[in-house]
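Here the sequence shown is numbered in the working numbering, starting from 113 and rising by one per residue.
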Amino acid sequence: MLKKKLRRSSIMPSERKGKVKRNPIVEKFIRFCASEFGRKVMETEAEYLRKELANRRKILEIGCGIGAFAERLADLNITGLDESEAMLQEAKKKSNKKFVRGSAYDLPFSDRSFDAVFLVTTLEFLDNYKKAMEEVVRVLEKGGKLIVMMLNSESEYFKAHSQKPDDYFRRIRHTNSEEIEQFASRFFELRGEYFLGIRGEEIFDTTDTQFAALYIIKGIKK
113 MLKKKLRRSS
123 IMPSERKGKV
133 KRNPIVEKFI
143 RFCASEFGRK
153 VMETEAEYLR
163 KELANRRKIL
173 EIGCGIGAFA
183 ERLADLNITG
193 LDESEAMLQE
203 AKKKSNKKFV
213 RGSAYDLPFS
223 DRSFDAVFLV
233 TTLEFLDNYK
243 KAMEEVVRVL
253 EKGGKLIVMM
263 LNSESEYFKA
273 HSQKPDDYFR
283 RIRHTNSEEI
293 EQFASRFFEL
303 RGEYFLGIRG
313 EEIFDTTDTQ
323 FAALYIIKGI
333 KK
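Next up, the structure:
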């Protein structure tokens, strides 16, 4: 019996020692969310989402990351989805909500199984936003609500980050919100607005495209 225990425990020595190798991308998100500026950003976005999703019964977040919104929106029935197991492991530490590993291109949910879906700075990073949007349409019931928060490429905040060689803003695939809206309008009654003014580390209300860090696409499924 002793030999079996030794052999089994030697498979993952890092776990036996209580040390797990940290993912640098996850660590970066953790540091951002823990910073004073990051907290203000997340809380401002979360409050917007709370107001928009208050009457929704079953909500899906695509690209939930480390679960920052699930943690802050504890009063809402949210299921979080992400491709990264490392992100999901961190999310499960923050919230007891349901987290699922999966792809935005092939959502592991039945047709019409949610009445709201939201994506925060996610859709614009996907290679095939059209496929992801079609999957959103599939899992949303008629009258279901869509909220897409996209980085506003016209903002000073975006321009400053995109000039940094190692910044994740440089991984963005789509900056043309009008093109995305045009495609989404096939399936949704849409409305768009600019949100989240950022100047340095100051956060304020604005619809000025120079300072609004986000462009929000909101839709009701036809």
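For each residue, glycine too, the CB sits at the ideal point set by N, CA and C.
Bear in mind that the values here come from a model prediction, so they are computed numbers and not experimental data.
Taking the beta carbon of Ala186 as the centre, do at least 16 other beta carbons fall within 10 Å, making it buried, or is it exposed? exposed
Which residues in the same chain as Lys115 place their Cβ atom closer than 6 Å to its Cβ, once the five residues preceding and following it in sequence are excluded? Residue placement at Lys115 cannot be trusted, given a pLDDT of 39 that sits under 50; what the coordinates show is reported in the next sentence. Closer than 6 Å at the Cβ level, and outside the excluded window around Lys115, lies no residue.
In the DSSP output, what is Leu172 paired with across the bridge? Here Leu172 is bridged, per DSSP, to Thr191, Val229.
What is the DSSP secondary structure of Ile137, reduced to helix, strand or coil? helix
Endpoints, the alpha helix (DSSP H) within which Gly312 is located: Element bounds for Gly312: n/a, residue is neither H nor E.
Three-state class that DSSP yields for Ser121 in the structure shown: Because Ser121 carries a pLDDT of 33, less than 50, the predicted location of this residue cannot be relied on, and the following value inherits that uncertainty. DSSP places Ser121 in helix when its eight states are reduced to three.
What number of angstroms, rounded off, separates the C-alpha of Ser274 from the C-alpha of Ser225? 37 Å
Distance check for Glu157 and Lys276, CA to CA, integer angstroms please. In this structure, the straight-line span from the alpha carbon of Lys276 to that of Glu157 is close to 24 Å.
Cutoff 7 Å: Glu164 Cβ touching any chain D Cβ: In the structure shown, chain D cannot be found, because there is only a single protein chain.
Status (buried if at least 16 other CB within 10 Å, exposed otherwise) for Lys140: exposed
For the alpha helix (DSSP H) containing Leu165, list its first residue and its last residue. 148-165
Rounded to whole angstroms, what is the Cα-Cα separation between Glu305 and Ser222? Whole-angstrom Cα-Cα distance: 31 Å.
Proximal residues to Leu235 (C-beta, below 6 Å), its chain only, five neighbours per side dropped: Tyr241, Val260
Express the C-alpha separation of Phe281 and Lys257 in angstroms, rounding to a whole number. CA-to-CA, the gap between Lys257 and Phe281 works out to about 27 Å.
Can you tell me the Cβ-Cβ gap for Lys204 and Phe211, rounded? I've got them flagged as a contact below 8 Å. 6 Å
Sort Arg184, Glu195, Leu161 by Cα distance to Gly175 and report the nearest one. Glu195
Can you tell me whether DSSP reads Lys115 as helix, strand or coil? Here Lys115 scores only 39 on pLDDT, less than 50, and its place in the model should not be relied on; the value that follows carries that caveat. Three-state result, Lys115: helix.
Quick one: Cα of Asn135 to Cα of Ile190, how far? 25 Å
Where does Leu185 fall in DSSP's three states? It is coil, neither helix nor strand.
If Leu161 and Phe230 are in contact, beta carbons under 8 Å, what's the gap, nearest whole angstrom? For Leu161 against Phe230, the beta-carbon gap comes to about 6 Å, under 8 Å, which counts as contact.
For Glu246, which of Asn167, Leu172, Phe299 has the nearest alpha-carbon? The candidate whose alpha carbon is nearest that of Glu246 is Phe299.
How close, in whole Å, do the beta carbons of Leu302 and Glu293 come, if the pair is a contact with beta carbons under 8 Å? 6 Å
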